[in-house]
Amino acid sequence: FGNPVGVGLSQELDTNMAMRAILWSFGGAEQDERGNVTLKSKRTIDAVKYVRALYKEAMTPEVFTWDPSSNNRGILAGKLSFVCNAISVTRTAEKDNPDMSAKIWVSPALKGPVRRIAAEHVMDCYVIWGFAENKEGAKQFLVDYIDNFGAAFKASEFYNFPCFPQTVPDLKQQISNDPKGKPPDKYKVLGNVLDWATNVGYPGYATAAIDEVFNTFVLPTMFAKAARDEMTPEAAVDAADKEVRRIFDKWK
564 FGNPVGVGLS
574 QELDTNMAMR
584 AILWSFGGAE
594 QDERGNVTLK
604 SKRTIDAVKY
614 VRALYKEAMT
624 PEVFTWDPSS
634 NNRGILAGKL
644 SFVCNAISVT
654 RTAEKDNPDM
664 SAKIWVSPAL
674 KGPVRRIAAE
684 HVMDCYVIWG
694 FAENKEGAKQ
704 FLVDYIDNFG
714 AAFKASEFYN
724 FPCFPQTVPD
734 LKQQISNDPK
744 GKPPDKYKVL
754 GNVLDWATNV
764 GYPGYATAAI
774 DEVFNTFVLP
784 TMFAKAARDE
794 MTPEAAVDAA
804 DKEVRRIFDK
814 WK
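Read in order, the letters of the sequence shown are residues 564 to 815 in this note's numbering.
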């Protein structure tokens, strides 16, 4: 009874992010700091068991066919009690459904048995092509863009946090008094976000191998198969570990 939890278990971006947050919060990970595959562990199995129980006790089968907009649409329609997403949910509500906006709250990443952590959603990486005709102009553009990131942060409605904190020195003051927020300090909880946000590939680097694991949805498949009782948690972890190792071996 009540409103179900809205965490996807399908092959899409938000599921990829949410499952990693749960995995890391239980102390599991795809790799260690040196890039060695570490997925098959008791901590990963515990995370999979948790998601299976969460699905059975608090979710509905539609999560297996979700797309990236499903969690937003569900909570904005008043059908869900919790979603794991960036602040696009509340910003959309402020524009399209102010009454619902006042009922939706923002929380830091939830803390698991080991840590409070979540993936940054998403990361930007700027490059200049080797064949670019105006490399110096491109370099200057990037310098100017970063130097003026205060304006970019404000224009993004706090969605895009700075890589260099000094470029938005009044960040905490801004998020503590937002004219669109109900209440104005709704986004204050993001003040320490960089303490618990990390990159895909944590605790190691975001490598080509990690990218392939991410884009072939190895982790969502692992969690979903256990949640649907298609595999035991142990078997689902074993299968995912084998696939991660195959991908890592290919990129060595």
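Cβ atoms here follow ideal geometry from the backbone N, Cα and C, with glycine treated the same way. What you are looking at is a predicted structure, and each value in this text was computed from that prediction instead of being measured.
Reduced DSSP category for residue i - H, G, I as helix; E, B as strand; rest coil
i: residue 706; result: helix
i: residue 716; result: helix
i: residue 682; result: strand
i: residue 700; result: helix
i: residue 594; result: strand
i: residue 568; result: strand
i: residue 812; result: helix
i: residue 728; result: helix
i: residue 695; result: coil
i: residue 791; result: coil
i: residue 723; result: coil
i: residue 573; result: coil
i: residue 807; result: helix
i: residue 711; result: coil
i: residue 690; result: coil
Cα-Cα separation, residue i to residue j
i: residue 761; j: residue 683; result: 6 Å
i: residue 691; j: residue 701; result: 7 Å
i: residue 706; j: residue 699; result: 11 Å
i: residue 695; j: residue 711; result: 23 Å
i: residue 580; j: residue 681; result: 8 Å
i: residue 666; j: residue 647; result: 16 Å
i: residue 800; j: residue 752; result: 34 Å
i: residue 728; j: residue 596; result: 25 Å
i: residue 639; j: residue 652; result: 7 Å
i: residue 853; j: residue 772; result: Absent from the structure is residue 853, since the part of the chain shown begins at 564 and ends at 815.
i: residue 713; j: residue 733; result: 9 Å
i: residue 795; j: residue 637; result: 29 Å
i: residue 756; j: residue 671; result: 7 Å
i: residue 669; j: residue 708; result: 29 Å
i: residue 818; j: residue 743; result: Residue 818 lies beyond the residue range present for the chain, which begins at 564 and ends at 815; the question has no answer from this structure.
i: residue 815; j: residue 657; result: 47 Å
i: residue 735; j: residue 719; result: 15 Å
i: residue 730; j: residue 626; result: 39 Å
i: residue 568; j: residue 679; result: 19 Å
i: residue 604; j: residue 785; result: 13 Å
i: residue 598; j: residue 777; result: 15 Å
i: residue 593; j: residue 608; result: 12 Å
With 16 other Cβ atoms within 10 Å as the buried cut-off, status of residue i
i: residue 804; result: buried
i: residue 765; result: buried
i: residue 615; result: buried
i: residue 693; result: exposed
i: residue 601; result: buried
i: residue 685; result: exposed
i: residue 673; result: exposed
i: residue 618; result: buried
i: residue 703; result: exposed
i: residue 788; result: buried
i: residue 620; result: exposed
i: residue 588; result: buried
i: residue 644; result: exposed
i: residue 793; result: exposed
i: residue 664; result: buried
i: residue 632; result: exposed
i: residue 565; result: exposed
i: residue 675; result: buried
Contacting residues, own chain, Cβ-Cβ under 8 Å from residue i (five flanking each side not counted)
i: residue 721; result: 650, 737, 738, 741, 750, 753
i: residue 655; result: 635, 639
Own chain residues within Cβ distance below 7 Å of residue i, not counting five before or after
i: residue 783; result: 572, 573, 574, 578, 579, 582
i: residue 781; result: 803, 806, 807
Cut-off 6 Å between Cβ atoms - residues of its own chain near residue i, not counting five sequence neighbours on either side
i: residue 590; result: 606, 677
i: residue 769; result: 762, 763
i: residue 586; result: 610
i: residue 570; result: 581, 647
Interface flag, residue i vs chain C, CB-CB below 8 Å
i: residue 679; result: Of the protein chains in the structure, only one exists, and it is not chain C.
What are the uninterrupted segments assigned as alpha helix (DSSP H) that are 4 or more residues long and contained completely in the stretch 600 to 673, given in chain order? 605 to 621, 633 to 639, 651 to 659, 661 to 664
Tell me the start and end of each unbroken beta strand (DSSP E) in the stretch 738 to 789 that is at least 3 residues and wholly inside, in chain order. none
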